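All you need for my numbering is the position in the sequence shown, starting with 1, plus 2.
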Amino acid sequence: MARITAGVATSHVPAIGAAVDNGKTQEPYWVPLFKGFEFSKRWIAAAKPDVVVLVYNDHASAFSLEIIPTFAIGCAERFAPADEGWGPRPVPVVEGHPEFAAHIAQSVIQQDFDLTIVNKMDVDHGLTVPLSLMFGQPAAWPCRVIPIAVNVVQFPPPSGNRCYELGKAIRRAVDCYDPDLNVQVWGTGGMSHQIQGPRAGLINKEFDQRFLDRLISAPEALAAMPHIEYIREAGAEGVELVMWFIMRGALDAQVKTIYRFYHVPASSTAVGHLILENAG
Ligand code: DHB
Ligand code: FE
């Protein structure tokens, strides 16, 4: 049987991708950030997931503002890095898992979550930067990836609660898939950041640390937080954090914290990172 073995959360700043791609990870600005992912790279090399269900948001790369699915699942054989205005990132093409993705779509849609099925799309920094942080610069990504794209760019995004429940539905879908697969669920984006307007540059370390605490130990209560509180406390783009509930909902109620890291700044963003395993 397929089983979810771990959840990973990480921010997704585009400048991190540029630092990796341009050989700048050893520059003083970036050293503390990349040091924070050294344990994670060793951990994942041992954990060896077969498939990562990677929850992320598209930033008007694959979807324009003409069509914006709230939740979409990538069912393609492969996903090319998107051109976000300066050419596609020089990273490997992302290999999907069409059969498993179709199973998840079937199961989750029958559990009343209306996922949009996407058979062709490019993936932007929201998906490729977390892969770079966790795997570095391999010639090919070492696992298959099933992208789950969430709208957090155009209001209204889904609620934290809805995301948490979707995570539980994904868990049930994985639990009834026959092939023996080691599956991780990743939640990406966040933490506090605002990249435009008079509050550009807003960071709230207290909010972020408390969010990490409560995501681990009281996710259900945290998921009830309204969007306005993210925006007020964590900046307009802080609302990307709702995606982390899909990862958390896919895990047991009780989890073990394998690793926790927090760093400010990376570009305009506070970078948070968790590795969680089921406590059961
Ligand atoms: C930045 C952060 C983001 O989440 C994003 O999508 C784009 C830019 C930043 O901090 O620069
Ligand atoms: Fe973003």
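Every residue gets a Cβ at the ideal spot worked out from N, C-alpha and C, and that includes glycine.
Predicted model only: the values in this text are computed from it and were never measured.
Going by C-alpha positions, M136 is about 21 Å away from V152. Contact between V185 and P100 does not hold, since their C-beta atoms are separated by about 15 Å, which reaches or exceeds 8 Å. In the three-state reduction of the DSSP assignment, W32 falls in the coil class. A distance criterion of 7 Å places the beta-carbon of H229 beyond contact range of ligand 2, judged by its closest non-hydrogen atom.
Counting along the chain, the unbroken beta strand (DSSP E) around Q186 starts and ends at 184-190.
With a cut-off of 7 Å, the C-beta of A17 is classified as near ligand 1, since at least one heavy atom of the ligand falls inside that distance. By the Cβ criterion, the stretch 157-175 is not in contact with the stretch 210-217, since fewer than three pairs of Cβ atoms, one from each stretch, lie closer than 8 Å. Annotation: the continuous alpha helix (DSSP H) that includes I230 extends over 229-236. Here the alpha carbons of A220 and P181 stand approximately 32 Å from one another. Look at A82 here: in three-state DSSP terms it is coil, with no helix or strand label.
When the Cα atoms are used, R250 and Y166 turn out to be separated by approximately 7 Å. In this structure, DSSP gives G138 a state outside helix and strand, which the three-state scheme calls coil. Between ligand 1 and S270, a heavy atom-to-CB distance of less than 7 Å is present. Only residues of its own chain outside the window of five on either side were considered, and among them A268, S269, T271 have a CB closer than 6 Å to the CB of V15, listed in chain order. The alpha-carbon of E68 is positioned some 34 Å away from that of P144.
A distance of 8 Å or more separates the beta carbons of K258 and E242. The Cβ atoms of G237 and R201 sit closer than 8 Å to each other.
Counting C-beta pairs with one atom in each stretch, the stretch 122-139 and the stretch 10-29 have three or more that are closer than 8 Å, which means they touch. In this structure, I248 keeps its C-beta atom at 8 Å or more from the C-beta atom of I106. In terms of CA proximity to I260, V10 leads the group V10, L133, P140, L168.
Note that the C-beta distance between I172 and V55 is below 8 Å. In chain order, N59, G191, V241, E242, V244, M245 place their CB closer than 7 Å to the CB of V154, counting only its own chain and leaving out the 5 sequence neighbours on each side.
Remark: the shortest separation between the CB of I197 and any heavy atom of ligand 1 falls under 7 Å.
Distances from the CA of S42 to each of R80, T12, M3, I205 were compared; the closest alpha carbon is that of T12. Inclusion of V53 and R174 in the CB contact set at 8 Å is not warranted, their separation being larger than that value. Ligand 2 approaches N59 closely enough that one of its heavy atoms is under 7 Å from the residue's Cβ. Taking 7 Å as the cut-off, one finds at least one heavy atom of ligand 1 near enough to the beta carbon of G191. The alpha-carbon of G76 is positioned some 29 Å away from that of G38. Cβ neighbours of T7 within its own chain (closer than 8 Å, five residues either side excluded): A49, P51, N184, V185, Q186, E279, N280.
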